[in-house]
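Residue numbers (my numbering): 667 to 1102. Beta carbons: idealized from backbone N, C-alpha and C, even for Gly. Predicted model, so just to flag it, every value in this text is computed and none were measured. Report on one structure; see the data block that follows.
Next up, the structure:
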């Protein structure tokens, strides 16, 4: 064999030990698999929860009058965008500050993993920073959307968006740290798997404070009567409800926070099944109960019944049986049908029914945890409900009041009658219907 033929062979022989060592240094799938699968779970679930922003927009757009539809669309895309920026700026690291006093810590900006991060530098015990940040971000946007629907048809755009900055950047992350960030409520044994209280009740309390300070729409309550103000497009509202229903699989399923084992994947599928059952039970219960009370089924009640069933199961979607999910969701449907008229008795004008769905059903779902989660106690659950309620309602009330005093939060009577689309934005969602 010639020398020039032998040289490549010798070079390959010399490289073989190095290649073997490199191969030995490559992590096995057992080591990196959980990191990869959990990161994938966060990404997929995050996509679904993100799509809930469209669901809220369509639901609200369908339940407000046509002269206010563009305003609701503007609020929803703006609030999501503001939430994304504020959660990056301070929110994520405020909610998950690591070691802190358990009550309060303002974090800094979120920094992602390096491009092409190696296995040696990645947090293989969990998931990528980017996927975790994105998954948590879409939750805070949902909280702000709850407020948007309740205060619709009479609030100014910019004061509302300033409130969103405070809610998404500071209020929600601070209270969220008490449970999900390893704070004092977590240490006290409070249980909330995916956010019946941490997300939904917080949005409901903030909405309630806003509704009280803002006041009802013109003509809603007159001469001791409640005057219905039908929405512009029930087909759109129904589409929004189905989108929210779909997004809830990511909301609850992603909250398993792990997909690296057979047990984790099985649990995610169990959560999907229970989530769906609770929604279905809430819808059917509202359908039957509205028939009994009003002699005809009420579609808006059915839509909100489904959403109330979803909120009710969110605090513990894993542990119940399918029958457990059914009756928990059914109670949520009852709550909606009974409490929407109750708000009207107190002249609390919630345009889309957000307070009954997210606050009242959220409280119920948080209490219902005790029936299937052996780690939950009634005392700890009530403590969490009260803590979140007092903090969110009081701080929201202060912020709303300051905004009212400084810049005003309500449009003029003339602008409200003409509609916020033209008065606040100068454009209409359905111009062909209003311009002969």
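7 Å CB neighbourhood of residue i in its chain, flanking five on each side removed
| i | result |
| --- | --- |
| residue 1070 | 879 |
| residue 988 | 939, 940 and 943 |
| residue 755 | 775 and 835 |
| residue 711 | 801, 916, 919 and 920 |
| residue 842 | 761 and 864 |
| residue 1002 | 952, 967, 970, 971, 974, 1019, 1022, 1023 and 1027 |
Reduced DSSP secondary structure (H/G/I, E/B, other) of residue i
| i | result |
| --- | --- |
| residue 822 | coil |
| residue 892 | strand |
| residue 887 | strand |
| residue 731 | coil |
| residue 687 | Because residue 687 sits at a pLDDT of 43, beneath the cut-off of 50, its placement in the model cannot be relied upon, and the following sentence gives the value as read from the coordinates. Here residue 687 sits in helix by DSSP. |
| residue 1091 | helix |
Contact under 8 Å by Cβ, residue i with residue j
| i | j | result |
| --- | --- | --- |
| residue 870 | residue 762 | no |
| residue 620 | residue 1030 | This structure does not reach residue 620, given that the chain is present from 667 up to 1102, and the question cannot be answered. |
| residue 1027 | residue 812 | no |
| residue 837 | residue 1058 | yes |
| residue 900 | residue 724 | no |
| residue 810 | residue 873 | no |
| residue 741 | residue 1076 | no |
| residue 697 | residue 1086 | no |
| residue 726 | residue 814 | yes |
| residue 797 | residue 692 | no |
| residue 945 | residue 862 | no |
| residue 884 | residue 1079 | yes |
| residue 635 | residue 701 | Here the chain comprises residues numbered 667 to 1102, so residue 635 is not present and cannot be evaluated. |
Beta-carbon proximity list for residue i, same chain, < 6 Å, skipping 5 on both sides
| i | result |
| --- | --- |
| residue 1055 | 871 |
| residue 804 | 712, 715 and 716 |
| residue 669 | Bear in mind that a pLDDT of 39 at residue 669, under 50, signals an unreliable position, so the number given afterwards is only what the model happens to contain. Cβ neighbours of residue 669 beyond the five flanking positions: none. |
| residue 1084 | none |
| residue 779 | 794 and 795 |
| residue 1082 | 820 and 884 |
Same chain, Cβ closer than 8 Å to residue i, five either side skipped, listed in chain order
| i | result |
| --- | --- |
| residue 933 | 922 and 984 |
| residue 1096 | 732, 735 and 898 |
| residue 751 | none |
| residue 831 | 748 and 752 |
| residue 986 | 940, 979, 994, 1037 and 1038 |
| residue 990 | 940, 1037 and 1038 |
| residue 904 | 728, 965 and 969 |
Rounded Cβ spacing between residue i and residue j (contact assumed at less than 8 Å)
| i | j | result |
| --- | --- | --- |
| residue 729 | residue 1017 | 6 Å |
| residue 948 | residue 998 | 5 Å |
| residue 1050 | residue 851 | 5 Å |
Next on the checklist: Tell me whether the region 954-972 and the region 844-861 touch, counting them as touching only if at least three CB pairs, one residue from each stretch, are closer than 8 Å.
Outcome noted: Judged by Cβ distances under 8 Å, the region 954-972 makes no contact with the region 844-861, as fewer than three pairs qualify.
Checklist entry - Is the number of C-beta pairs between the region 989-1004 and the region 1023-1037 that are closer than 8 Å three or more? => result A contact exists between the region 989-1004 and the region 1023-1037.
Next on the checklist: Assess contact between the region 837-852 and the region 753-773, defined as three or more Cβ pairs (one per stretch) separated by less than 8 Å. Is contact present?
Outcome noted: yes
Next on the checklist: Does the region 731-740 come into contact with the region 920-934, if we say contact requires no fewer than three beta-carbon pairs (one atom in each stretch) closer than 8 Å?
Outcome noted: no
Checklist entry - Are the region 698-710 and the region 884-893 touching by the rule of at least three beta carbon pairs closer than 8 Å? => result No: fewer than three Cβ pairs fall under 8 Å.
Checklist entry - Between the region 904-914 and the region 736-755, are three or more C-beta pairs nearer than 8 Å? => result no
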